[in-house]
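Everything below concerns the one structure shown next.
In the working numbering, the protein residues as written are 143 to 343.
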């Protein structure tokens, strides 16, 4: 009797980033949030940076190359939020998908030496092997010409910001959307109250 051999284990997902066909190396990919007290809700933001990968021992024409670095940030996207009780752990936002359709006020900004908006695309958050990943694709057009940007990257969570508040005031505010017992309070050098997840949360 023939037996079906077991499927090989899936390969680990690797972080990748491309500007058209040019590969980039991810150097930073962070996720954070702030509390919108009017909603109330957590409004999420990400900050992703990458540097161009050039071949070794090759003389390059810088004028013909894509930008040497990319910096992508979410830009005050109302759809990228979580209401009260929607997240217990910060990775509970996995599954969110946001279409990039705004032309005049794009949800994602790309800095390449000039500020550009990323349009005609989308980004999606997925949880893979216990880590939150972002898949993003979209188009931009500037001094380096039209480009299609595609990236897959694991996100490191930074903090939930609550503005300039005392610990008591910040705990009262964050409690409107998440359980403050799952987070550690700190105040940064600018006086902004922040909450970071307790290890394992």
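Backbone N, C-alpha and C define an ideal beta-carbon position, used for all residues, glycine too.
So what's residue i in DSSP terms, helix, strand or just coil?
i, result
"residue 287", "strand"
"residue 301", "strand"
"residue 153", "Any reading at residue 153 is ruled out, since the residue's pLDDT is 45, under 50, leaving its predicted position unreliable."
"residue 172", "strand"
"residue 315", "helix"
"residue 326", "strand"
"residue 228", "coil"
"residue 235", "helix"
"residue 310", "helix"
"residue 219", "coil"
"residue 177", "strand"
"residue 258", "strand"
"residue 209", "coil"
Report back the beta-carbon spacing between residue i and residue j to the nearest angstrom; my notes put them in contact at under 8 Å.
i, j, result
"residue 225", "residue 181", "7 Å"
"residue 249", "residue 240", "6 Å"
"residue 192", "residue 207", "Actually they are not in contact, since the Cβ atoms of residue 192 and residue 207 sit about 14 Å apart, beyond 8 Å."
"residue 216", "residue 187", "5 Å"
"residue 166", "residue 195", "6 Å"
From the options, pick the residue whose C-alpha is nearest to that of residue i; which is it?
i, options, result
"residue 172", "277, 309, 208 and 298", "298"
"residue 330", "260, 300, 158 and 269", "300"
"residue 233", "267, 255 and 222", "267"
"residue 320", "339, 270 and 307", "339"
"residue 276", "257, 170 and 294", "294"
"residue 332", "305, 262, 316 and 264", "305"
"residue 220", "243, 198 and 227", "243"
"residue 218", "316, 228, 247 and 273", "247"
"residue 160", "222, 223 and 278", "278"
"residue 157", "256, 273, 245 and 323", "273"
From the DSSP secondary-structure annotation, give me the bridge partner or partners of residue i.
i, result
"residue 296", "275"
"residue 214", "190 and 252"
"residue 266", "239 and 277"
"residue 185", "176 and 223"
Does residue i have its Cβ less than 8 Å from a Cβ in chain C?
i, result
"residue 221", "The structure shown has no chain C; it contains just one protein chain."
Skipping 5 residues on each side, what residues in its chain have a beta carbon closer than 8 Å to that of residue i?
i, result
"residue 327", "309, 312, 313, 335, 336 and 337"
"residue 174", "186, 187, 188, 189, 299, 300, 301, 302 and 303"
"residue 325", "302, 316, 337, 338, 339, 340 and 343"
"residue 264", "239, 240, 241, 242, 278, 279 and 280"
Quick one: residues in its chain with C-beta nearer than 6 Å to the C-beta of residue i, no 5 flanking neighbours on either side, listed in chain order?
i, result
"residue 282", "252, 258, 260 and 289"
Can you give me the Cβ contacts of residue i inside the same chain, cut-off strictly under 7 Å, excluding the 5 residues immediately before and after it?
i, result
"residue 341", "none"
"residue 269", "233 and 236"
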